[in-house]
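Anchor point for the sequence shown: position 2 equals 2 in the UniProt record's numbering, and the numbering is continuous, going up by one each time.
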Amino acid sequence: MRVFLLSRAALPANSRISATGAPAPTRSSAPATGGVKKPHRYRPGTVALREIRRYQKSTELLIRKLPFQRLVREIAQDFKTDLPTLSTLTSGG
């Protein structure tokens, strides 16, 4: 009878030899959710990159005109208080 000594790295993980010399049985893990399929989820950042490409292609306004105008007025007051109406600046022409 020949006995071969093999290192653990020489065998794949599912066919390691146990102490008795027989190959160890492979473990089959049952699904923890009870067979219910999880909904598909994209990897983090995939949807964000898709949205970036979508909005770079489009010319639609992402902020409505009046809220944007109010924001510009609020920021402009910090720099100069005697500005005339900013409707000509924010309306786009």
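A virtual CB, placed ideally from N, CA and C, is assigned to each residue, including glycine. The model shown is predicted, which means the values in this text are computed figures rather than measured ones.
Quick one: residues in its chain with C-beta nearer than 8 angstroms to the C-beta of residue i, no 5 flanking neighbours on either side, listed in chain order?
i, result
"L62", "Y55"
"L49", "none"
Rounded to whole angstroms, what is the Cα-Cα separation between residue i and residue j?
i, j, result
"G34", "V47", "29 angstroms"
"E60", "T26", "57 angstroms"
"I52", "D78", "31 angstroms"
"P67", "I75", "12 angstroms"
"K37", "G45", "23 angstroms"
"L71", "T81", "15 angstroms"
"S58", "P39", "30 angstroms"
"R64", "Y42", "30 angstroms"
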